[in-house]
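Asks: Read in order, the letters of the sequence shown correspond to residues 174 to 314 in the working numbering.
The beta-carbon is built from N, C-alpha and C at its ideal position, and this holds for glycine as well.
Every value quoted in this text rests on a predicted model; they were computed, and no experiment measured them.
The structure that follows is given in the form of structure tokens.
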Amino acid sequence: MSKQGKSVLEYIDDVYNLAYWMTGNEASTGMLVSQIYLNVDSEATATELFSQFRKLYLNAFGQVIMLNTDDLMLVEDSQVARAIINLPADFKLVVLLADVVELTHAEIASIIGKPVDTVRSWLHWGRKLLGHELAEKVAVN
């Protein structure tokens, strides 16, 4: 069990949502979630689970921006969803872990193997990129 008292299976919705946002399609999401749960111990902490997520994601996809426009239309054509999907992988992962999964900066730092200051920097730049892209969309409309 994780330090919060949750088993790794109780994070499956968070892992699936994170995988979908990172990959942009259901096929890749299913493959990634399966690989994560095959490679993680049932007694793993949330940090270990999401560290495994990051490792497997980067091994499979690297820093590539995954954008499938057909699947993107299923996300209700949301400008915010488009902006998130277009972020570089590390910025996207950090923003999603902080804002969707609601992990602390220290937990994210442990997951990505970087100092807390790096997490804060990536969060700042990821959110700033999102803001700029959304501001451009609003200006166009």
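Considering only C-alpha positions, which residue in the set Leu269, Lys228, Gly304 is nearest to Met195?
Replies: Ranking the options by Cα distance to Met195, first place goes to Leu269.
Asks: By how many angstroms is the C-alpha of Lys179 removed from the C-alpha of Tyr193?
Replies: 22 Å
Asks: Should Ala280 go down as buried or exposed, given a rule of 16 or more other Cβ atoms within 10 Å for buried?
Replies: First, the residue type needs correcting, since residue 280 is Glu and not Ala in the sequence shown. Its Cβ being crowded by 16 or more others within 10 Å, Glu280 is buried.
Asks: Buried or exposed for Ala308, please, with buried defined as at least 16 other CB atoms from any protein chain shown within 10 angstroms of its CB.
Replies: exposed
Asks: Determine the extent of the alpha helix (DSSP H) in which Gly203 is found, giving its start and end residues.
Replies: Boundaries of the alpha helix (DSSP H) around Gly203: 199-212.
Asks: Let's see if you can read the secondary structure: which residues bound the alpha helix (DSSP H) around Thr220?
Replies: 219-234
Asks: Is Ser283 helix, strand or coil by DSSP?
Replies: helix
Asks: Apart from the five residues on each side of it in sequence, which residues of its chain come closer than 7 Å, Cβ to Cβ, to Ala233?
Replies: Same-chain partners within the cutoff: Leu205.
Asks: Whose CA, out of Leu303, Arg300, Ile285, lies closest to the CA of Leu229?
Replies: Ile285
Asks: Please report how far the alpha carbon of Arg293 lies from the alpha carbon of Phe223, in whole angstroms.
Replies: 18 Å
Asks: Give the DSSP-derived three-state secondary structure of Leu260 in the structure shown.
Replies: DSSP places Leu260 in coil when its eight states are reduced to three.
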